[in-house]
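These protein sequence lines map, in sequence, to chains A and B.
Our numbering puts the first residue of the first sequence at 15, with every later residue one more than the last.
Our numbering puts the first residue of the second sequence at 1017, with every later residue one more than the last.
Note that the Cβ used here is the ideal one computed from N, Cα and C, for glycine as well.
Step one of this worksheet: look at the structure below.
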Amino acid sequence: MTLKLISIRNLMRRKGKAAFILAGLVIGVATVVGIISFVDATTHDIAHKLEQYGANILIVPRTENLSLTYGGMSMGGVSFELEEIRESELVKLTSIRNARNIAAVGPMVLGVVPVDGRRILMAGIDFKAAGILKPWWHVQGGLPDENGVLLGAEAARVLNLTTGDSLVVNDRSLTVSGVLESTGSQDDQLAFAMLATAQRVFHKPGRISMAEVAALCKDCPIEDMVQQISEALPGAKVMAIQQVVKSRMEMLAQFKHFSYGISGVILFIGGLVVLVTMMGSVRERTDEIGIFRAIGFRRSHIMRIVFLEAGIISGLAGVIGYFLGMGSARAALALFGEGHSGHVPFNPGLAAEALILALTLGLIASAYPAAMAARMDPNEALRSL
Amino acid sequence: MSYIIAESLEKTFGNGGAAVNAVSGISFNIAPGEFVGVMGESGAGKSTLLGMLGAMNAPSSGRLRVDGIDVYGLKQEQRADFRREYLGFVFQSFHLVAYLTVIENVMLPLAVTRRAGKQKRAMALEALSQVGLADKADRLPGEISGGEKERVAVARAIVNEPPVLLADEPTGNLDSRNSREIMNMFQRLNATGMTIIMVTHSPECAGYARRILQMSDGRLVGDGTPADKN
């Protein structure tokens, strides 16, 4: 016979109350675990996508001119013809400290060319790098070879050209290999050719107008990488395209704060459930506590019985809450994860935190009922004496 | 030589004009091994006095000494230890813990002692043997009769071999046959040297005691043998 046995037997006897307390704690813990798992998985997923998709560093020639474009409206003064970068200089990017964080480098040469009496902007690019830099591209037709050209949706419409048609650019005949589906970006206005082809058309062999870099930026300091590239290419201006990343991360941070707020409220309610139920249980056990006190249990023994009961339920709630939370996170990711695999790995750190959270909440919420039980006057508790 | 010394014990409930003296300046001595019955009409203060003797109800004034210990000079937790070491309680309505088996109920006073589990069980079985219930050790209180419950309560009271047994109307809920069994049991325990103080309404039960304290309106109005009362 031990105090632990008394606690266990009492829990077994009052299964309904124990289940109620368990449910209150499980809901609280599962909510916290679910939200943390969901947010972590989503953050990881976004970071992973950001790592894989799109350029986030831009290398352009250094210029003293100010941009004369605003909101897509150009007022002249385009400066890309002033001072191009040597294509060969891009090799230097492989030797920067964070070179392993570079997923792709896309050199681009730009020029204005006349086509059927209209002036269009032509871009020579590395189509292999474009696969990483512009994953949102969908081409109707195929990618161009050295005698081909890929038209943006708007350019094809304005020039009234489609796949298989030919156009003459600076006395070179190029075949339209494909048309880009509308992207909603400036790419819709352009004609894309292979880098070498465009360099020949513009008479700029070995020169590029700019380069896009996809950096794996989850764990890398993008500002540092910008600094490192600037040092490697002193004649170029290097900029980080952080707006999208930042806005996504800020949105996620806001969601995180909101979720933690909700979790806090649910935990508070869970704590209240434990408090009220334990108090009811203590009141129901007045006689029993009176007997314990009469036969020589100290106040600390009574408190230990109550805390043991709370500890057993809380421990169980921590374990159940963790797995339920993980399950909820998986279900939420499957439903709202937009392509997320729904896989949430077992996280021993989070499991331990869930257990500690449940125990802390359960024990804190039981402190008052335990003190109330311990303060009970045995003489009043046992009215017969 | 006195084992229990009550000096001018007084217990007042309420304040000012609403104050009620449940026990008014009672003094008596009890020698070790005595079997004392406390009698009196309802409201005479018997249970209040037993509560004070049981270290559970601090007197408004006066002093209680047991085995030389000033009981109410002890701190709360020390008084709990005192109850565990010196006193055994038998209540009128059994007060068994419903979710514990008979033997677990008997082992309760041992739950907070540093004895090995096997020793606790052996002591509880020995106490149950003394009250003739060793064969019902693993039953729940709901599965035994009223008389058996009272005997379990006695076994629980004596399991740690306290020098003093306090009983409050121990046969109040029992028929005459079970009452006799309990009283015979008390006599056997008393014969081993255990001091017994029993509150009772019943003259038959009081007849088993060797000394009767008669109370009325919170005062001690008689102190003699059962024969004196008759």
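Residues bridged to residue i (per DSSP)
i	result
A:PRO121	A:ALA225
B:GLU1026	B:SER1077
A:LYS251	A:VAL74
A:LEU194	A:VAL153
B:ILE1228	B:GLY1053 and B:GLY1240
B:ALA1183	B:VAL1106 and B:MET1214
A:PHE206	A:ALA137 and A:LEU164
B:ASP1086	B:ARG1081
A:THR189	A:GLY162 and A:SER180
A:ARG100	A:ARG221
B:ARG1235	B:SER1232
B:ILE1020	B:ILE1046 and B:VAL1082
Residues that residue i contacts on chain B, provided the C-beta gap is smaller than 9 Å
i	result
A:LEU404	This structure gives no information on residue 404 of chain A, because the portion of chain A shown stretches from 15 to 399.
Chain A residues whose Cβ lies nearer than 7 Å to that of residue i
i	result
B:PHE1105	ALA308 and ILE309
B:ASN1031	The premise fails here: B:ASN1031 is roughly 18 Å from chain A at the closest Cβ pair, so nothing lies under 7 Å.
B:ASP1072	Correcting the residue type first, residue 1072 of chain B is Met in the shown sequence and not Asp. Under the 7 Å cutoff, chain A gives ALA308, PRO392, ASN393 and LEU399.
B:ARG1167	Within 7 Å Cβ-Cβ: nothing; B:ARG1167 doesn't reach chain A, min ~16 Å.
B:MET1123	MET15
B:ARG1100	ILE309 and GLY310
Residue interval of the beta strand (DSSP E) (run including residue i)
i	result
B:SER1040	1036 to 1046
A:LEU181	180 to 183
Chain B contact residues for residue i, given Cβ-Cβ distances below 7 Å
i	result
A:ILE305	HIS1111 and VAL1113
A:GLU302	VAL1113
A:ILE20	ALA1127
A:ARG27	TYR1115
Start and end residues, alpha helix (DSSP H) containing residue i
i	result
A:ILE110	Here A:ILE110 belongs to no alpha helix (DSSP H), and DSSP marks it neither H nor E.
B:ILE1212	Where B:ILE1212 is concerned, there is no enclosing alpha helix (DSSP H), although the beta strand (DSSP E) it sits in stretches over 1211 to 1215.
A:ASP391	Taken as a continuous stretch (DSSP letters only), A:ASP391 belongs to no alpha helix (DSSP H), as it is neither H nor E.
B:VAL1122	1118 to 1123
A:SER244	236 to 246
B:GLY1195	The identity of residue 1195 of chain B in the sequence shown is Ser, whereas the question assumes Gly. From DSSP, the alpha helix (DSSP H) with B:SER1195 extends over 1192 to 1207.
B:GLY1032	From DSSP, B:GLY1032 is part of no alpha helix (DSSP H); its letter is neither H nor E.
A:LEU338	313 to 350
A:ASN24	17 to 27
B:MET1068	1062 to 1069
B:SER1145	1133 to 1146
A:ARG8	Outside the modelled stretch of chain A, which goes from 15 to 399, sits residue 8 of chain A, for which no answer is possible.
B:VAL1170	1162 to 1174
B:ALA1222	1219 to 1222
Within chain A, the residues that residue i reaches when beta carbons sit closer than 9 Å
i	result
B:ALA1222	Per Cβ cutoff of 9 Å: no residues; B:ALA1222 is ~18 Å from chain A at best.
B:GLU1093	ARG312, ARG313 and SER314
B:ASP1083	Chain A residues near B:ASP1083: none, gap ~16 Å exceeds 9 Å.
B:ASP1097	GLY310 and ARG312
Contacts that residue i makes with chain A (C-beta to C-beta distance below 8 Å)
i	result
B:GLU1120	MET15, LEU19 and ARG23
B:LYS1247	Nothing about residue 1247 of chain B can be reported from this structure: the residues present for chain B run from 1017 to 1246 only.
Query raised in the report: Of all the alpha helix (DSSP H) runs that stay within the bounds of the region 125 to 176 of chain A, which reach a length of 4 or more residues?
Result: 141 to 147 and 167 to 173
**Report entry** Sufficient close CB pairs (3 or more, under 8 Å) joining the region 1116 to 1135 of chain B to the region 1026 to 1041 of chain B
**Finding:** no
Query raised in the report: When the Cβ atoms of the region 1211 to 1231 of chain B are set against those of the region 1124 to 1144 of chain B, are three or more pairs found closer than 8 Å?
Result: no
Query raised in the report: Just checking, does the region 370 to 386 of chain A make contact with the region 310 to 320 of chain A on the three C-beta pairs under 8 Å criterion?
Result: The region 370 to 386 of chain A is in contact with the region 310 to 320 of chain A.
Query raised in the report: So does the region 324 to 337 of chain A actually touch the region 1041 to 1056 of chain B, counting three or more Cβ pairs closer than 8 Å?
Result: no
Query raised in the report: Is it true that the region 107 to 126 of chain A meets the region 222 to 230 of chain A, where meeting means three or more beta-carbon pairs spaced less than 8 Å apart?
Result: The region 107 to 126 of chain A vs the region 222 to 230 of chain A: in contact.
Query raised in the report: Are there three or more Cβ pairs, one per stretch, closer than 8 Å when the region 27 to 37 of chain A is compared with the region 282 to 293 of chain A?
Result: Contact between the region 27 to 37 of chain A and the region 282 to 293 of chain A is present, with at least three C-beta pairs closer than 8 Å.
Query raised in the report: For the 8 Å Cβ check, are there 3 or more pairs between the region 204 to 213 of chain A and the region 158 to 167 of chain A?
Result: Yes, the region 204 to 213 of chain A touches the region 158 to 167 of chain A.
Query raised in the report: Is there contact here, the region 1187 to 1204 of chain B with the region 1153 to 1166 of chain B, by at least three beta-carbon pairs under 8 Å?
Result: They touch, by the three-pair rule.
Query raised in the report: Pairing CB atoms from the region 142 to 154 of chain A with CB atoms from the region 178 to 196 of chain A, are three or more of them under 8 Å?
Result: yes
**Report entry** Three-pair Cβ contact test at 8 Å for the region 1018 to 1025 of chain B versus the region 359 to 379 of chain A
**Finding:** no
Query raised in the report: Is there contact between the region 1106 to 1116 of chain B and the region 301 to 311 of chain A, where contact requires at least three CB pairs shorter than 8 Å?
Result: yes
Query - Segment contact, 8 Å Cβ cut-off, at least three pairs: the region 100 to 111 of chain A with the region 176 to 188 of chain A - result: no
**Report entry** the region 1220 to 1238 of chain B contacting the region 1076 to 1092 of chain B, beta-carbon criterion three pairs below 8 Å
**Finding:** no
Query raised in the report: Do the region 1167 to 1181 of chain B and the region 1143 to 1154 of chain B touch if we need at least three Cβ pairs shorter than 8 Å?
Result: yes
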